[in-house]
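A short write-up of the structure that comes next.
Protein chains in written order, with this note's numbering: chain A, 5 to 119; chain B, 4 to 117.
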């Protein structure tokens, strides 16, 4: 099973709302990632968790707050977002982050609209 | 800084053609290269992973090759079908900026017409 699941599929939120995106994998992977993708652009890396610790934050605004409660679960907490944050948010996982033939597997994404 | 280029940005072909999609990268010091497919509004589906020590990988009608020294990879799609219509992205992973990161090309939108 090479599945990464994400919920919800779609989310509409106002600029004052607080919401969370959820990502789950049961492949025993120890690295999990959040990406943001705008229309007709490639994914942009936001955060990387390795062994449940945040290893990379690509200078993401603090209104995005990641959390990794355990090795299978990754959350992205959203607060006071701006309309320009509307995008497809993708979660991915890989066996590890160290050099090697580690393939990244992506989830179906959450389409976020900020009104 | 690693840069990945995919040219052309879009391609429209009749069904049945054999296709070659190109990907080039500026720094040959990579760990691996991954080809993805993305349908509109969907996530990325991994098609093939080529390790830096490999020359090619095959899966069904897909064959990907890697020439690290020249910084190029090609994805060959045999006997294209309308269901192959999607955006295809290549991405490399290497020591530049950290081994965790995938550096993506901008993608190539493929349309296969019946």
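We treat Cβ as the ideally placed atom computed from N, Cα and C, and that holds for glycine.
Check	Outcome
Residue 51 of chain A CB to nearest heavy atom of the ligand ATP below 6 Å	Within the structure as shown, the ligand ATP is missing, as the structure has no ligands at all.
Residue 48 of chain A versus residue 93 of chain A: straight-line alpha-carbon distance, rounded	10 Å
Top-ranked residue by Cα proximity to residue 16 of chain A, from A/46, A/62 and A/90	A/90
Whole-angstrom distance between residue 97 of chain A and residue 81 of chain A, CA atom to CA atom	18 Å
Candidates B/106, B/18, B/84 and B/89: closest to residue 26 of chain B by CA position	B/106
Residue burial classification, residue 6 of chain B (beta-carbon count within 10 angstroms, cutoff 16)	exposed
Start-to-end residues for the beta strand (DSSP E) that takes in residue 13 of chain B	13–17
Inter-residue Cα distance where the pair is residue 111 of chain B and residue 20 of chain B	17 Å
Residues near residue 54 of chain A in its chain [Cβ-Cβ closer than 8 Å; skip 5 each side]	34, 35, 100 and 101
Rounded Cβ spacing between residue 9 of chain A and residue 111 of chain A (contact assumed at less than 8 Å)	6 Å
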